[in-house]
Amino acid sequence: MPETLLRLHFLSLLLLSSCAFLSSSSTIDVDDVVVGLVACLPRQIEAFTQFTNEFDTRSCNHSDYSNNGAWCDNSTGAVTKIHLTGCLSGTLKPNSSLFGFQQLRHLVLSNNNFISSTLPSKFGNLNRLEVLILSSNGLLGEVPSSISNLSQLSILKLSKNKLIGSFPLISNLTKLSVLSLSQNLFTGTIPSSIFTMPSLFYLNVNDNHLTGPHEVPDSSTSSSLEFLNLGKNQFEGKILEPISKLINLKRLDLSFLNISYPIDLRLLSSLKSLLDLYLSGNSLLATSLSADSDIPPNLETLDMSDCDLTEINGKIPKWLWSLPRLSMVLLSNNFFNGFQGPRNLLVDSSVQMLDMGFNHFEGEIPLPPLSINTFYARNNTFTGDIPLSFCNRTSLTVLDLSYNNFTGPIPQCLNDFMIVKLRKNNLEGSLPDRFNVGTSLRTIDVGENRLTGKLPRSFLNCSSLKFSSVDHNVELEGCGNRVWAWSVAWIGNSTSHCFIQARVAHQDNVPVKAHKPLVFFQFSLNLRMSVKSLMVW
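All letters in the sequence shown, in the order written, are residues -25 to -1, 1 to 512 by mature numbering (1 follows the signal peptide of the UniProt record, and there is no 0).
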């Protein structure tokens, strides 16, 4: 390609990329960067084009500056940043022209299709790199030892590849602050020196084949680690004792550790700064949940789902709801059958999201917290009426009480929610005719109940509706031919990606399908709804 065309091509690419770069946080000073032809030496333009020509770039959208581009330093004319994501297909060669960019400081090549590619050792030659992101590329093999040459590196992300071997040699990278190696095939132990790297505050090794035990030096009281994810590995021996030394932790994810002993939460009592704790998929020591004195007091998120909690007298401990900052509680897939304390125990809690689905809860459901916005309690055996207090929770947008034994009427406030799922209970009466114009309701599922009467005319006001099901309510009637003609036709034009499918399974097996942009709307097994009412347009 003639030099003039090369320069014009590179200029257009840089101009399209400038806004994204200048608005993003970067270790490159804005004053040092001039986006445009004047900033780039001709040989750098040629080198960049040579690099991209090593791949199939037909998926690259050069008008989308957030996904690809390059930037040059004003004083040197050298490329200092390359950002090409989700559009390169081919082999990353050991002698790629990429490794000629000696002034490169930011390299982001994620979500590409690097066919049969390993990490070339020449990455170690790019010793000015501050950011190296190679996630989701299908990379194979081991991380070369030359990676330890990148002494200026601050961010290293190699997650979602197929990398093997022992933990990379990076403990001498004193400026490294973010390290993500998740979803690979690394084996062996985590070097103890990793936990005391002076700048490292984020470490994610989730979903590998790492073993243990691992050690944390006593000097770790000065550790900078704030975010630690060790989940989905095969650690052996005690794991919480060394973690308890990392007193600056704010987020700790130990999900699905595959360890052979229960986790004793009392060992986390030293983590006073901890905000988010994820323990799903582990066995927890029941006695460590019997009192609140050893639980980090500032927890905002607690995930104890899939923990096989069978030994806490079947009840959720009372102290949990007194944690002053707790906003998300995940307790699904356990064996809880009740709550310690009165029915209004949760009302003054700060919890905003509560998931207690797939347990053995029975009796009346507790009154929801005043601050609640998402409430999941599906697949239990709650009985009685649905409390009217759900209608008084002004922040509540998602309510799922499916697959219980609730009786009585459906609350009148369905209009106020975005998602309502009440499937397979014993609810009676009619659907409330209180759907206002502008309602944000997107999903409603009241199938498999004992509803009677007619579908409400105000249902036509649900312009945001994406999914609705009223099936298996055998006494539910149609609304009359004219209304259902309006309803089906109007809903059919409400969205742009789905189609309407109305089924009347026991009325001559006549299916009604309109392949129009829509939601899914199911009427099957409503014996009193006429086919004619659905087919009139």
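C-beta: ideal position from N, C-alpha, C; glycine also.
Bear in mind the structure is a predicted one, so any value in this text is a computation, not a measurement.
Can you check whether the CB of residue j is closer than 8 Å to the CB of residue i?
i	j	result
residue 306	residue 330	yes
residue 128	residue 105	yes
residue 421	residue 397	yes
residue 304	residue 326	yes
residue 332	residue 352	yes
residue 82	residue 119	no
residue 440	residue 426	no
residue 137	residue 160	yes
residue 45	residue 78	no
residue 295	residue 278	no
residue 433	residue 417	no
residue 357	residue 343	no
residue 188	residue 212	yes
residue 97	residue 69	yes
residue 163	residue 186	yes
residue 122	residue 108	no
residue 246	residue 219	yes
residue 63	residue 30	yes
residue 67	residue 26	no
residue 113	residue 76	no
residue 177	residue 152	yes
residue 210	residue 175	no
Applying the criterion that 16 or more other CB atoms from any shown protein chain within 10 Å of the CB defines a buried residue, is residue i buried or exposed?
i	result
residue 55	buried
residue 283	exposed
residue 217	buried
residue 184	exposed
residue 293	exposed
residue 18	exposed
residue 454	In this prediction, residue 454 scores a pLDDT of 40, lower than 50, which makes its location untrustworthy; no coordinate-derived value is stated.
residue 158	buried
residue 60	buried
residue 488	Note that residue 488 scores a pLDDT of 37, beneath 50, so its modelled location is shaky; the value from the coordinates is reported in the next line. By the neighbour-count rule (16 or more Cβ atoms within 10 Å), residue 488 is not buried but exposed.
residue 534	Residue 534 falls outside the range modelled here, since the chain spans only -25 to 512, and no answer is possible.
residue 180	buried
residue 168	exposed
residue 91	exposed
residue 378	buried
residue 173	exposed
residue 395	buried
residue 445	buried
residue 171	buried
residue 48	buried
residue 314	buried
residue 300	exposed
residue 147	exposed
residue 317	exposed
residue 360	exposed
residue 413	exposed
residue 14	buried
Starting from residue i and walking both ways along the beta strand (DSSP E), at which residues does that stretch end?
i	result
residue 384	380 to 384
residue 589	The requested residue 589 does not occur in the structure, where the chain is confined to residues -25 to 512.
residue 549	Given that the chain is displayed from residue -25 to residue 512, the structure contains no residue 549 and the question cannot be resolved.
residue 331	From DSSP, residue 331 is part of no beta strand (DSSP E); its letter is neither H nor E.
residue 394	394 to 396
residue 401	401 to 404
residue 296	Neither: residue 296 is in no beta strand (DSSP E) and is coded neither H nor E.
residue 429	425 to 429
residue 279	It is not in any beta strand (DSSP E) - residue 279 carries neither H nor E in the DSSP assignment.
residue 452	450 to 452
residue 179	177 to 179
residue 139	137 to 140
residue 303	303 to 305
residue 117	115 to 117
Determine the extent of the alpha helix (DSSP H) in which residue i is found, giving its start and end residues.
i	result
residue 218	215 to 218
residue 522	As shown, the chain starts at -25 and ends at 512. That puts residue 522 outside it, with no answer to give.
Report back the beta-carbon spacing between residue i and residue j to the nearest angstrom; my notes put them in contact at under 8 Å.
i	j	result
residue 521	residue 347	Since the first residue shown for the chain is -25 and the last is 512, residue 521 is missing from the structure and cannot be characterised.
residue 190	residue 223	Not quite, the Cβ-Cβ distance comes to about 18 Å (not below 8 Å), so this is no contact.
residue 259	residue 215	About 11 Å separates the two Cβ atoms, so there is no contact after all.
residue 355	residue 334	6 Å
residue 280	residue 312	Not quite, the Cβ-Cβ distance comes to about 16 Å (not below 8 Å), so this is no contact.
residue 124	residue 102	5 Å
residue 381	residue 367	18 Å between Cβ atoms; not a contact.
residue 403	residue 383	7 Å
residue 156	residue 133	6 Å
At a Cβ threshold of 8 Å, is residue i touching chain B?
i	result
residue 145	Going by chain labels, chain B is absent from the structure shown, which holds only one protein chain.
Is it the case that the CB of residue i approaches a heavy atom of the ligand MN more closely than 7 Å?
i	result
residue 227	You won't find the ligand MN in this model; it holds no ligand whatsoever.
Cβ pair count under 8 Å reaching 3, the stretch 380 to 395 against the stretch 403 to 422: yes
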